[in-house]
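Number of protein chains: 2
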Amino acid sequence: MSSIRKIAQIAGVSPTTVFRALHNDPHVLPETRQRVLELVKLYEYKMPSAVQPHQSAIPTLGCIIPSVGNSYCARVLQGVLEVAFAESYHVITLESHFNVLHTCKALQTLVEQRVQGIVILGGHYEPIPRASALELWSSNIVPVVLDATTMDASVDRVHIDEHAMARMAVDYLWDFGHRVIGYLGPLPNGKNAPGRPRAIKHALEARGVSTKYMMNAMPSTVEEIVEVTRTLLCDPHGPTAIITQTDGYGAIVTREAVRLGLRVPEDISLLACLNSWFSSHLLPAITAVEQYPEKVGSQAVELLLRRLREGDGLPHRPEPETIAIAPVLYERESCAPPPAVRHVPTACNV
Amino acid sequence: MSSIRKIAQIAGVSPTTVFRALHNDPHVLPETRQRVLELVKLYEYKMPSAVQPHQSAIPTLGCIIPSVGNSYCARVLQGVLEVAFAESYHVITLESHFNVLHTCKALQTLVEQRVQGIVILGGHYEPIPRASALELWSSNIVPVVLDATTMDASVDRVHIDEHAMARMAVDYLWDFGHRVIGYLGPLPNGKNAPGRPRAIKHALEARGVSTKYMMNAMPSTVEEIVEVTRTLLCDPHGPTAIITQTDGYGAIVTREAVRLGLRVPEDISLLACLNSWFSSHLLPAITAVEQYPEKVGSQAVELLLRRLREGDGLPHRPEPETIAIAPVLYERESCAPPPAVRHVPTACNV
DNA sequence: CTGAAAGCGCTTACAG
DNA sequence: CTGAAAGCGCTTACAG
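Taken in order, these protein sequences are the chains called A and B.
Take the first sequence: its letters are residues 1 to 350, numbered as in my numbering.
Take the second sequence: its letters are residues 1001 to 1350, numbered as in my numbering.
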């Protein structure tokens, strides 16, 4: 980092002279000024800004999300932008790509940018290192976290209520009479279980339903989802209802079930844990639990701005708050009582 | 003007302690911190910005899009963020909500924020007032526009190739033997026709196909789309193939066709002008023209950064460039030759 | 013209 | 937990 002193040493003059050259003081020999200004340019010395940008610039928030390409994230971001816009805050969006290193990098550049607060949805299992978290506090930047795993420190959180959702989903199917219930979604590889499968597991266990049909399928590979779907549908003792991690999975499972000659919901019931706009346009329309990701985003910013106002620009450390967004089940066409006799498609033998 | 020293004197502590209190240093007695922070508030002491030199702040771009909730926009934004991130630029995202006034407001706050450049996808028919455009130039802010209507001045543009897409869609259906082709999407209310219907109109006319089945249905009302779909399908001389503005429309039309007892594609062919990830998971999977909105976003930022580098601080006004992103047709299951005898569903009488 | 010196504001390593 | 002291960067009044 260049300074007046450094430039002065190299130029062989005093800091005072450099100062004067930089401020168009007439009492400087043109040659001296010339030499100094060249070095200033060469060493990229920047004059400090006259205005204190912290007060005058438009207040800005940071938002870290895995990817705008992910519709859940996009909806969270929508909520963030909506409230930020209403409150005249700008939002800088950075993508973590589910990678803790990206999140750290993003945090660092947002600290450099001196944003007022940061909304963080990391989406990775590893918490960010404590050093990054502490840097936020020492920079007076207010964080709000949108998942359970991105930060392990006690911090303000807004998240969807996975347990309420899981209970809602399992109980809905249970009430139809389903006693063997499958689940399709990414399961934890390591020690840190993500919230959703864990919540589903608890909800199944609470009803005494076996968890043996909780299946792992990563969202990136459609083939894998199709493969696992066939495993579930072709098992003679397999589930009569399947809960999917997202309605995207739900669409794929529907397609495969129909391909195998099964009717949805007469032969197999489907329930999705995410409600995108197209869920109601599928055939059959998929019954889904809406999570209101926009609310996660908007309430996060509201909480964040409340913290900023409480602090009034000054550091303080209130008791962290956790807000859980209540899910709602949208009944549509993909759930029914289980069939009297479970039908295993003949296509399974192929 | 307040300073740490002044606060320290009044509080009867050392400047060091004030410093620590302001930086959340845990090695401060809570009472001391409390007293210091009260005085800081009382005397309106403001912490200096960490980034002293104005120039060393992280370079920032603005991005104006109608809404992140719109999947097309989200994908454009994804491309924008990707390239910006790779080139170490921050992006401030603002939503226009298809409203020219919002776009203007957004432009103004981005000018105040002194962003280096702005990517604009307004999505409204009214161009922004000339004054707003001129302000950009006089502030040395480089704009890149992502549609045909947001700015009428000669300006750098990146957009999808509507005409190539329209020809691709119409010719694909034509080659199957379709001679009566419908279109479903928002049509222009006023004088400024949006690009897509106009392009479709030209492509239909180029093949000598009547444009009488180009139908208007706003995307917000599913009922309206369903209504118009029924009009098309129940007309005895109606189309044997329908092109939809988006694959979302496509899903709704499919659902309604099947409800009426028609088979897709045996009785009616469907082709969508947008390819979302779920198009391939529908039943039948919808044949769609992919527009690569991510490319629109990424190439816009690349062009923008090239302009910034060309300019290198000096004001200049190069010849505006226009980049058209070539579409690609994804053949799936929703298109087939027209039926020998066009079948009007009995359900139409209801 | 120029610089040594003193000063302000902020920050940090060290001593108590 | 706290502060005296030393340091950095910038700025200015003063001496030459």
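From the three backbone atoms N, C-alpha and C, an ideal C-beta is built for every residue, glycine too.
Output the boundary residues of the beta strand (DSSP E) element that contains residue i.
i, result
"residue 1156(B)", "1156-1160"
"residue 60(A)", "60-65"
"residue 1145(B)", "1142-1145"
"residue 1072(B)", "Counting along the chain, residue 1072(B) falls outside any beta strand (DSSP E), though it belongs to the alpha helix (DSSP H) covering 1071-1086."
"residue 1206(B)", "Not the beta strand (DSSP E): residue 1206(B) falls in the alpha helix (DSSP H), residues 1195-1206."
"residue 1322(B)", "1322-1325"
"residue 1047(B)", "Residue 1047(B) -> no beta strand (DSSP E), and no H or E assigned at all."
"residue 184(A)", "181-185"
"residue 1344(B)", "Counting along the chain, residue 1344(B) falls outside any beta strand (DSSP E), and DSSP gives it neither H nor E."
"residue 330(A)", "328-330"
"residue 1215(B)", "1214-1216"
What does residue i touch in chain A if you count any residue whose Cβ is under 8 Å from its own?
i, result
"residue 1399(B)", "Only positions 1001 to 1350 of chain B appear in this structure, which leaves residue 1399(B) out of reach."
"residue 1031(B)", "The contacting residues do not exist; residue 1031(B) stays about 14 Å from chain A at best."
"residue 1020(B)", "Within 8 Å Cβ-Cβ: nothing; residue 1020(B) doesn't reach chain A, min ~10 Å."
"residue 1251(B)", "278, 281, 282"
"residue 1258(B)", "283"
"residue 1071(B)", "71, 74"
"residue 1229(B)", "Chain A residues near residue 1229(B): none, gap ~12 Å exceeds 8 Å."
Could you check where the alpha helix (DSSP H) with residue i kicks off and where it finishes?
i, result
"residue 1132(B)", "1130-1138"
"residue 90(A)", "Counting along the chain, residue 90(A) falls outside any alpha helix (DSSP H), though it belongs to the beta strand (DSSP E) covering 90-95."
"residue 1268(B)", "Taken as a continuous stretch (DSSP letters only), residue 1268(B) belongs to no alpha helix (DSSP H), as it is neither H nor E."
"residue 1022(B)", "1015-1022"
"residue 1117(B)", "Unbroken run through residue 1117(B) is the beta strand (DSSP E), 1117-1120; no alpha helix (DSSP H)."
"residue 106(A)", "100-112"
"residue 962(B)", "Nothing in the structure corresponds to residue 962(B), since chain B is present only between 1001 and 1350."
"residue 1226(B)", "1222-1234"
"residue 1008(B)", "1004-1011"
Is it true that the CB of residue j sits closer than 8 Å to the CB of residue i?
i, j, result
"residue 267(A)", "residue 178(A)", "no"
"residue 1165(B)", "residue 1199(B)", "yes"
"residue 324(A)", "residue 161(A)", "yes"
"residue 1078(B)", "residue 1261(B)", "no"
"residue 1301(B)", "residue 1110(B)", "no"
"residue 1255(B)", "residue 283(A)", "yes"
"residue 11(A)", "residue 36(A)", "yes"
"residue 1158(B)", "residue 1303(B)", "yes"
"residue 348(A)", "residue 273(A)", "no"
"residue 252(A)", "residue 270(A)", "no"
"residue 1112(B)", "residue 92(A)", "no"
"residue 1076(B)", "residue 1065(B)", "yes"
"residue 1290(B)", "residue 1275(B)", "yes"
"residue 81(A)", "residue 1205(B)", "no"
"residue 1153(B)", "residue 1133(B)", "yes"
"residue 1250(B)", "residue 1213(B)", "no"
"residue 1195(B)", "residue 1148(B)", "yes"
"residue 28(A)", "residue 7(A)", "no"
"residue 1097(B)", "residue 1071(B)", "no"
Under 9 Å Cβ-Cβ, which residues of chain A neighbour residue i?
i, result
"residue 1248(B)", "277, 278, 281"
Name the chain B residues that come within less than 9 Å of residue i, Cβ to Cβ?
i, result
"residue 81(A)", "1067, 1068, 1093, 1094, 1095"
"residue 109(A)", "1058, 1088, 1090"
Which residues of chain B have a Cβ atom closer than 8 Å to the Cβ of residue i, listed in chain order?
i, result
"residue 138(A)", "1023, 1024, 1025"
"residue 85(A)", "1094, 1095"
Does the beta-carbon of residue i, which I'm using as the reference point, lie nearer than 7 Å to any heavy atom of the ligand HEM?
i, result
"residue 277(A)", "Ligands displayed in this structure: none; no statement on the ligand HEM is therefore possible."
Under 7 Å between beta-carbons, which chain A residues line up against residue i? List them in chain order, please.
i, result
"residue 1255(B)", "281, 283"
Are the segment 105-120 of chain A and the segment 325-340 of chain A in contact at 8 Å, needing three or more beta carbon pairs? no
Would you call the segment 125-132 of chain A and the segment 102-112 of chain A touching, i.e. three or more CB-CB distances under 8 Å? Under the 8 Å Cβ criterion, the segment 125-132 of chain A counts as touching the segment 102-112 of chain A, having at least three qualifying pairs.
Pair every Cβ in the segment 1159-1175 of chain B with every Cβ in the segment 1210-1225 of chain B, then say whether three or more of these pairs are closer than 8 Å. In short, these stretches do not touch, since the Cβ pair count stays below three.
**Prompt:** Do three or more CB pairs link the segment 1173-1187 of chain B to the segment 1244-1252 of chain B at distances below 8 Å?
**Reply:** yes
Which parts of the segment 238-297 of chain A are runs of the alpha helix (DSSP H), unbroken and 4 residues or longer, counting only runs that do not cross its ends? 247-259
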